Amino acid sequence: MLEPIKPMEPIIAKAIPHGEEWLAQIKWDGVRILTYYDGGNVRLFNRKKNERTAHYPELLDINRYCLADSIILDGEMIALGEDGKPSFHEVMRRDGLRNLEKVKFVKQTVSICYMIFDCLYLNGEWITQRPLEERNQLLIDYIKPNEHIQRVTSYENGEPLFSVMEKENMEGIVMKRKQSFYHIGEKQEWLKIKNYKDLIAVIGGFTLNQGIVNALLIGLYDDDGNLHYIGHAGTGKLTQSEWRELTQKLKAIEMAESPFHHRVEREKEAHWVKQKYTVKITYAEWSLGRALRQPSIQGLTETPPRECVFEQGMQR
Numbered sequence: 001m002l003e004p005i006k007p008m009e010p011i012i013a014k015a016i017p018h019g020e021e022w023l024a025q026i027k028w029d030g031v032r033i034l035t036y037y038d039g040g041n042v043r044l045f046n047r048k049k050n051e052r053t054a055h056y057p058e059l060l061d062i063n064r065y066c067l068a069d070s071i072i073l074d075g076e077m078i079a080l081g082e083d084g085k086p087s088f089h090e091v092m093r094r095d096g097l098r099n100l101e102k103v104k105f106v107k108q109t110v111s112i113c114y115m116i117f118d119c120l121y122l123n124g125e126w127i128t129q130r131p132l133e134e135r136n137q138l139l140i141d142y143i144k145p146n147e148h149i150q151r152v153t154s155y156e157n158g159e160p161l162f163s164v165m166e167k168e169n170m171e172g173i174v175m176k177r178k179q180s181f182y183h184i185g186e187k188q189e190w191l192k193i194k195n196y197k198d199l200i201a202v203i204g205g206f207t208l209n210q211g212i213v214n215a216l217l218i219g220l221y222d223d224d225g226n227l228h229y230i231g232h233a234g235t236g237k238l239t240q241s242e243w244r245e246l247t248q249k250l251k252a253i254e255m256a257e258s259p260f261h262h263r264v265e266r267e268k269e270a271h272w273v274k275q276k277y278t279v280k281i282t283y284a285e286w287s288l289g290r291a292l293r294q295p296s297i298q299g300l301t302e303t304p305p306r307e308c309v310f311e312q313g314m315q316r
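With the UniProt record's numbering, the residue at position 233 of the sequence shown is 233, and numbering never jumps.
Written as C-alpha cells, this is what we have:
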C-alpha cells in the first residue's frame, strides 16, 4: 500500500520571474488532493494527509482516465460556482462533508473536476527526482482527460496568464522551474503570485440577527499563543442554509469569556466560542491596526486553529 506524503508547496512571491527556465500554470482555487493507486486500490488524501477517498467517487474508477499500472498523482480538486469559475465555497460543500452518506446526493449538485499537475510515482518507481518537464510529459502519456479529470496546461510566459487571472478575478498563477524535482514542503522552485489576498482565520465569536449568525468575529494567533481579533465578516459565499447550520455549530460551543487578547468591536453584541472552527477569508488589505479591510467569507476549512498565525496571514 502506498503511504500518503506531504506535497510540495509553492512559496509566495510578489513578482513574476522571467526566463526560459520557468513555466506558468493557473493556480486553481480548490482543495489539494493526491491520488494513490497501487495497482489494486485507489485512495485519495488531502495535503494534511486526511483521507478523502469516499468524498470523490468520480476518481475511483482509475482505468477510465489512467493507463499506468500504479501511480501517485498531485492536483487540485475544484468545483465551479454560478459564474463558471472555480469556487472554494462550492468544493468545500463536497470536501467538508462529515456524513459520507450525503456524498451521493451532494454530487448531483456539486460537480467536481480534478486538475492534475504532477506525477510522483509511476509503474512501481518514484519519479520525484526527474525534472518537472519530464513528469509533465508522463502526464500527457498516461492521463486521459474526461468530464472529471483534466491535465493542467503549462504556459511559457507568466505575465499574460496573470493578466487573464486579474481580468477574470481568479486566484493567481504558479511559476515552476522546468528542471525542478519534486520535494516535500515549500520550495523556491515553485512560486505563487496571487491576484487577491486570503488567509485562514479562527472563529472566536459571532453576532446574531433574529437568532441566526450574521457575522463572524475572527482572529489569528501571535507567537505567544494569544488570539488577536482581526475583524468581523458577514458577507461572502455562505448560503442561508449554511448560516443556519453554522449557527447550530457555534451555539454548541459557546463560552462566557472572550478568547481574544484585547477588546474587540461589537463586543456588547458578541457571543464567544471555543476555538474549534476555521474559515477562509479574502480581503482587500490590512489596516494599520492589524485588522482586515473588506473581509469576505469563502467557506469553513479543516485547518487546525493553532496553525492560524500572523505569519501565515501576512504571507498569503
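The C-beta atom is built at its ideal place from N, Cα and C for all residues, glycine as well.
This structure is a prediction, so every number in the text was calculated from the model and none was measured.
**Prompt:** Can you list, in chain order, the residues of its chain whose CB lies under 6 Å from that of residue 152, leaving out five sequence neighbours each side?
**Reply:** Cβ neighbours of residue 152 beyond the five flanking positions: 25, 115, 117.
**Message:** Is it buried or exposed, residue 136, if we count other Cβ atoms within 10 angstroms and call 16 or more buried?
**Reply:** Flag for residue 136 reads buried.
**Item:** Cβ shell of residue 96 (< 7 Å), same chain only, five flanking positions each side left out
**Value:** Residues of the same chain with a CB within less than 7 Å of the CB of residue 96, apart from the 5 flanking positions on each side, are 300 in chain order.
**Asked** If you pair each beta-carbon of the region 191-199 with each one of the region 281-288, do three or more pairs fall below 8 Å?
**Response** A contact is defined here as three or more CB-CB pairs under 8 Å, and the region 191-199 meets this definition with respect to the region 281-288.
**Asked** Among residues of its own chain, excluding the 5 on either side of residue 303, which ones have a beta-carbon nearer than 6 Å to its beta-carbon?
**Response** For residue 303, where only same-chain residues beyond five positions count, the Cβ hits under 6 Å are 200, 278.
**Prompt:** Can you name the start and end residues of the beta strand (DSSP E) that residue 165 belongs to?
**Reply:** Per DSSP, residue 165 belongs to no beta strand (DSSP E); it is in the alpha helix (DSSP H), 158-168.
**Prompt:** Roughly how many angstroms separate the alpha carbons of residue 268 and residue 259, rounded to a whole number?
**Reply:** Those two C-alpha atoms are separated by around 14 Å.
**Item:** Reduced DSSP category for residue 175 - H, G, I as helix; E, B as strand; rest coil
**Value:** Residue 175 falls in the strand class under three-state DSSP.
**Asked** Under the three-state reduction of DSSP, which class applies to residue 77: helix, strand or coil?
**Response** Collapsing the DSSP output to three states places residue 77 in a strand.
**Item:** Residue closest to residue 1, alpha-carbon to alpha-carbon, out of 272, 124, 264, 147
**Value:** Of the listed residues, the one whose Cα sits closest to residue 1 is 124.
**Message:** Between which two residues does the beta strand (DSSP E) holding residue 137 run?
**Reply:** First-last for residue 137: 132-142, but that is the alpha helix (DSSP H), not the beta strand (DSSP E).
**Message:** So, under 8 Å CB-CB, residue 22 and residue 158 are touching, yes? Tell me the CB distance rounded to an integer number of Å.
**Reply:** Contact holds; Cβ gap of about 7 Å.
**Request:** Could you tell me which uninterrupted beta strand (DSSP E) segments, each at least 3 residues in length, are contained entirely in the region 209-282, listed from first to last along the chain?
**Result:** Taken in chain order, the complete beta strand (DSSP E) segments of 3 or more residues contained in the region 209-282 are 212-221, 227-233, 271-273.
**Asked** Rounded to the nearest angstrom, how far is the Cβ of residue 32 from that of residue 10, given a contact under 8 Å?
**Response** Contact doesn't hold; Cβ gap of about 11 Å is too wide.
**Prompt:** What number of angstroms, rounded off, separates the C-alpha of residue 132 from the C-alpha of residue 111?
**Reply:** Here the alpha carbons of residue 111 and residue 132 stand approximately 29 Å from one another.
**Prompt:** Where does residue 109 land, buried or exposed, given buried means 16+ other C-beta within 10 angstroms?
**Reply:** Its Cβ having fewer than 16 others within 10 Å, residue 109 is exposed.
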